[in-house]
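Q: Here it is, the structure in full.
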Amino acid sequence: MVAFGFKTAALAALFTQATAILDARETNTQYVLENDRLHVAVSKSNGQMVEVVLDGEDLLGPVSGNTGKGPYVDCSCVPSGFWTPGGSNSKRFELYKGADGTGTAYGGVMMEDRYAETNQTIAQWWFLRDGETGLHLFTRVAYYNEARPFLRGLGELRTLFRPNTPLWTHLSGSDGNWAPIPSREAYADGITVQDATTYLGNTTDDAYVQQYSDYFTKYTFTEAWRDHDVHGQYADGSTSSDGNTYGAWLVHNTRETYYGGPLHADLVVDGIVYNYMVSGHYGAPTPNITHGFDRIWGPQYYHFNKGGPDTTLAELRADAAQYADPEWNAEFYDSIAEHVPHYAPSSRRATFRAAIKLPKGAKRPIAVLSENGQDFQLNVFDQNSLQYWADVDPATGAVEIPRVREGTYRLTVYADGVFGWFIEDDVEVSRSEANKARQFRWKPESAGREVWRIGVPDKSAGEYKHGYAPDTSTPLQPEQYRIYWAKWDFPTDFPEGVVFTIGESDEAEDFNYVHWSVFFGYANFLRPEPYYENVNNWTIRFDLGAEDLRDASTGTLTVQFAGVKTANGNNKWAELPDEPYSNLPYTVALNGKDVETWVIPRIRSGSCGVRSGVICQNFDHKFEFPAGELKEGTNEFVLSLPFNATNKETALLPGTTILQSEEVADRTVQYLLWWLGKYSETQQPMELDLFLRYMVFGLLEDVVFSKPFGFITEILPKGQLFNTAMETVSERQKNVDAYSDLVAH
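Those letters in the sequence shown? Residues 510 to 1254, by my numbering.
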């Protein structure tokens, strides 16, 4: 028995060792990485990952157009718009196989492609380790072209896990925000109410409609980066081949190469599992691509997991979340640094330690290291810009941030309950100083004795009406701000406008989460006519006694903005001389007399409320006035935006008029004719696909057509471009067999 038991143990050990060997190989058509559980393959023809199989379960499905792929990379970075590298004859590959510092085997594939017209390159790395069921990704963008020193802005850079299979049943943005994936039937019967927003309420038996909302938009599943750890998709076992549950997740194991700091928010999942490395969503800045630009993003980790038939979404999500730690796999990343240009190994990193004297009442304090000399929300000016953050212990002020690349940073500290920021530039981080805790003292800004405040200075508008409060009309009760904005009808909520009385009114009910200039009719499915009355002027009433006014010389009203949309929308850098509200006047009056009209600069602009956001570009302004303007008894501030301040919109979004839409349609027809001319010359249908994506009002935002020319002929009839395009899209969506020809997200 002893001998038999020993032999069994030995055989088990050999079996484990044999099945755990990682394979990295090249075939005639693919580069393959696999261990005993996960198999992935990158196609030589398109440079994209086209197979992801976990324990025999196909997680991607068949390739069709741009679906059945991923993780793969694309960008808004070339003169014509979007580019998906990997399709040109100039692409090249590298295959890696080795063992890291722990002795664990790994394999990797690198695909690099060059956009010949401008000589810009994108490289994508995928690595698989033995014993893991996930992929480690790096992405590189490089541009070297002295003849054209400025190319354009890097509008978007992202990797996408984009399945084409009925396997996936649920979306998960965060612990508290998840939902069933809407059915194809719900989309087929849906109505486009706004750019990238669909009314699904006609399909009353759809699980998403029953449990989450009548409206679906990818912006509903947006998360702020501060505490975000993981997002992805879940299969509940009802559609898998073996009855088991599965998950596909993007893990924020590092955040150093993103932009915008902890206040940045972005899309995470909508049937596609995104890794948005760069975007202009919510007014986020994007870097310029100039001669010499050469930057690496990552590492990020796509994790795939499997549970039993009863394993919940929360359990698979928690399994993935354990890897959201910058110190996880550090030895592995050190070992592959030789393959990834510009990635800094541990020998060039240190732990930042500090002790910060916090102001009284500071809650949820956080310390941020970012580009020196810049607001971390705008940290795109240095191509080597990095960012790190960690919570500060509110009791002791201690903070540690591990694995910071050596260099010079700006330190920013902020906290809920405290106005303003603590900022210190020229903070050096080096290995030689790693064991020393730097000492800082945050003296909160003050204009004197505080008389009253509305809301919480927490860098968001979530505490106000229709912010973080749950929508109790459905079982999953999503936060109200996540839902299509027009559902929260301002004229119904505030028929007399916003009139807030200090000491009586409730900020969660009597102060709206968005201050509109006009409550728009355009892109408003529920109220198609604009509403102007009592919208742009908000009133705040407060009483003062003689004691409040004694010895006062100057009064200050501090307004902290969680986000502002000027006529620039997300295009914060552009000069728009035809837009009178590119820089937006904001006026404060006290007791019938103007205090100041402050012009909000376009650099702070970003689409926020109409994109289901309550955290965008954060900033504040102090309105000062002689204390003699105040009086004993009732006083009144009026906060005003210009009446009916609108802008021209090229997408179906609030902020435009019918006349302006017709002007855009005329311009779109001209673009269409130009694209058709290019098609007849080059026979390149993807250029027409680009037209559909980016020129037809933005309504077909990320649509892919496998037969684009045949579709374009359907939208040509005279003068009906807009309506006919939308009708044709709706009809095509109803044809389930043609669904793979029209995959919108």
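C-beta: ideal position from N, C-alpha, C; glycine also.
As the structure is a computational prediction, the values presented were derived from the model and not from experiment.
Counting only C-beta atoms, is D714 closer than 9 Å to chain E at any point?
A: Annotation note: the requested chain E is absent from the structure, which comprises a single protein chain.
Q: So, for P818: in the same chain, excluding its five sequence neighbours on each side, which residues have a beta-carbon less than 8 Å away from its beta-carbon?
A: As a working note, residue 818 is residue 309 in the sequence shown. Correct list, in chain order: G746, G752, N753, T754.
Q: Thinking N1021 and Y973 are a contact (beta carbons under 8 Å), I'd like their distance in whole angstroms, please.
A: As a first step, residue 1021 is located in the sequence shown; it is residue number 512 there, counting from the start. As a first step, residue 973 is located in the sequence shown; it is residue number 464 there, counting from the start. 6 Å between Cβ atoms; contact.
Q: Looking at the structure shown, is G643 part of a helix, part of a strand, or coil, going by DSSP?
A: Along the sequence shown, one-based indexing puts residue 643 at 134. Strand, per DSSP.
Q: Using 8 Å as the Cβ pair cut-off and three pairs as the minimum, do the stretch 675-693 and the stretch 652-666 touch?
A: No, they do not touch.
Q: For the stretch 926-998, list the beta strand (DSSP E) runs that are entirely contained and at least 3 residues long, ordered along the chain.
A: Within the stretch 926-998, the complete beta strand (DSSP E) runs of at least 3 residues are 931-938, 947-950.
Q: How far does the alpha helix (DSSP H) with Q1069 in it reach, from first residue to last?
A: Position 560 of the sequence shown holds residue 1069. No alpha helix (DSSP H) contains Q1069, which is instead part of the beta strand (DSSP E) from 1063-1070.
Q: Report the option in G595, L563, R638 whose CA atom is closest to the CA atom of F813.
A: Sequence index remark: in the sequence shown, residue 813 carries index 304 (1-based). For F813, the nearest C-alpha among the options comes from L563.
Q: Specify, as a first and last residue, the run of the alpha helix (DSSP H) that R804 falls within.
A: Position 295 of the sequence shown, counting from 1, holds the residue named residue 804. Here R804 belongs to no alpha helix (DSSP H); instead the beta strand (DSSP E) covers 802-816.
Q: What residue range does the alpha helix (DSSP H) around F841 cover?
A: For this step, residue 841 is matched to residue 332 along the sequence shown. That run of the alpha helix (DSSP H) goes 839-845.
Q: Report yes or no: do the stretch 825-845 and the stretch 690-697 share at least 3 C-beta pairs separated by less than 8 Å?
A: Segments in contact, no.
Q: If I'm right that R671 touches G595 with Cβ under 8 Å, what's the distance once you round it to whole angstroms?
A: Indexing the sequence shown from 1 puts residue 671 at position 162. Indexing the sequence shown from 1 puts residue 595 at position 86. Incorrect: roughly 14 Å between the Cβ atoms, too far for contact.
Q: Could you pull the DSSP bridge partners for R873 from this structure?
A: In the sequence shown, the residue the question calls residue 873 occupies position 364. Bridge partners of R873: none, in fact.
Q: So which of F1134, N1080, V1073, S1116 has the shortest CA-CA distance to V1108?
A: As a first step, residue 1108 is located in the sequence shown; it is residue number 599 there, counting from the start. It is V1073 whose Cα lies nearest to the Cα of V1108.
Q: So V718 is in the alpha helix (DSSP H); what residue range does that whole segment cover?
A: What you label residue 718 is simply residue 209 of the sequence shown in a count that begins at 1. Segment 716-720, the alpha helix (DSSP H) holding V718.
Q: So the candidates are L547, I530, K553; which of them puts its Cα closest to the Cα of G540?
A: Taking the first residue of the sequence shown as position 1, residue 540 is located at position 31. Residue 540 is actually Tyr in this sequence, not Gly. The residue with the shortest Cα to Cα distance from Y540 is K553.
Q: How should K872 be labelled, buried or exposed, when 16 other C-beta atoms within 10 angstroms of its C-beta is the threshold for buried?
A: The sequence position of residue 872 within the sequence shown is 363, counting from 1. Label assigned to K872: exposed.
Q: Beta-carbon within less than 6 Å of N544's beta-carbon, same chain only, minus the 5 sequence neighbours each way: which residues are those?
A: Position 35 of the sequence shown, counting from 1, holds the residue named residue 544. Hits under 6 Å: L531, D639.
Q: List in chain order: all unbroken alpha helix (DSSP H) runs of 4+ residues lying wholly within the stretch 685-716.
A: The qualifying runs are 693-697.
Q: What do you get for G789, buried or exposed, if any count of 16 or more other CB atoms within 10 angstroms of its CB means buried?
A: The residue you call residue 789 lines up with position 280 of the sequence shown. The residue in question, G789, is buried, as its Cβ has 16 or more Cβ neighbours within 10 Å.
Q: So, for N1100: in the same chain, excluding its five sequence neighbours on each side, which residues have a beta-carbon less than 8 Å away from its beta-carbon?
A: Stepping through the sequence shown from its first residue, residue 1100 is reached at position 591. Excluding sequence neighbours, N1100 sits near E1138, L1139, K1140, N1144, E1145.
Q: Using beta-carbon positions only, say whether Y923 and R764 come within less than 9 Å of one another.
A: Along the sequence shown, read from residue 1 onward, the residue named residue 923 stands at position 414. Along the sequence shown, read from residue 1 onward, the residue named residue 764 stands at position 255. In this structure, R764 does not lie closer than 9 Å to Y923 by Cβ.
Q: Should G926 and P966 be called a contact, given that it needs their Cβ atoms to be closer than 9 Å?
A: The count along the sequence shown starts at 1 and reaches residue 926 at position 417. The count along the sequence shown starts at 1 and reaches residue 966 at position 457. In this structure, P966 lies closer than 9 Å to G926 by Cβ.
Q: Using the C-alpha atoms, what's the distance from D828 back to P1039?
A: Counting from 1 along the sequence shown, the entry for residue 1039 is found at position 530. Counting from 1 along the sequence shown, the entry for residue 828 is found at position 319. Spanning the two alpha carbons is a distance of roughly 48 Å.
Q: Taking the straight line between their C-alpha atoms, what separation do you get for T1191 and E626?
A: Your numbering for residue 1191 matches position 682 in the sequence shown. Your numbering for residue 626 matches position 117 in the sequence shown. Residue placement at T1191 is flagged as unreliable, the pLDDT there being 49, under the threshold of 50; the coordinate-derived value follows with that caveat. Cα-Cα distance, rounded: 15 Å.
Q: Anyone know if the C-beta pair for G780 and Q809 falls short of 9 Å?
A: To locate residue 780, count along the sequence shown from 1; it is residue 271. To locate residue 809, count along the sequence shown from 1; it is residue 300. No. Outside cutoff.
Q: Using a Cβ-Cβ cut-off of 6 Å (strictly less than) and excluding sequence neighbours within five positions of A830, which residues of its own chain qualify?
A: For the purposes of this step, residue 830 is taken as the residue at position 321 of the sequence shown. Closer than 6 Å at the Cβ level, and outside the excluded window around A830, lie D738, V739.
Q: Closest by CA to L542, which one among A614, N1153, V1123, H848?
A: The sequence position of residue 542 within the sequence shown is 33, counting from 1. It is A614 whose Cα lies nearest to the Cα of L542.
Q: Take the Cβ of T795 as the centre, count every other Cβ of all protein chains shown within 10 Å, and call the residue buried at 16 or more, exposed below.
A: Here residue 795 refers to the residue found at position 286 when the sequence shown is read from its first residue. Burial call: buried.
Q: With DSSP as the reference, label L568 as helix, strand or coil.
A: For the purposes of this step, residue 568 is taken as the residue at position 59 of the sequence shown. Here L568 sits in coil by DSSP.
Q: Does DSSP classify L878 as helix, strand or coil?
A: In the sequence shown, the residue the question calls residue 878 occupies position 369. In this structure, L878 counts as strand in the three-state DSSP scheme.
Q: Do you know offhand how far G957's Cα is from F1134's?
A: For the purposes of this step, residue 957 is taken as the residue at position 448 of the sequence shown. For the purposes of this step, residue 1134 is taken as the residue at position 625 of the sequence shown. Distance between the alpha carbons of G957 and F1134: 13 Å.
Q: Could you spell out the range, first to last residue, of the beta strand (DSSP E) harbouring D583?
A: In the sequence shown, counting from the first residue as 1, residue 583 sits at position 74. Residues 578-587.
Q: Which residues in the same chain have their Cβ closer than 6 Å to the Cβ of F1009, if we skip the five residues on either side of it in sequence?
A: As a working note, residue 1009 is residue 500 in the sequence shown. Cβ within range, chain order: D1019, F1020, I1049.
Q: Kindly identify the DSSP beta-bridge partner or partners of T1048.
A: As a working mapping, residue 1048 is identified with position 539 in the sequence shown. In the DSSP output, where bridge partners are listed per residue, T1048 has V1008, V1147.
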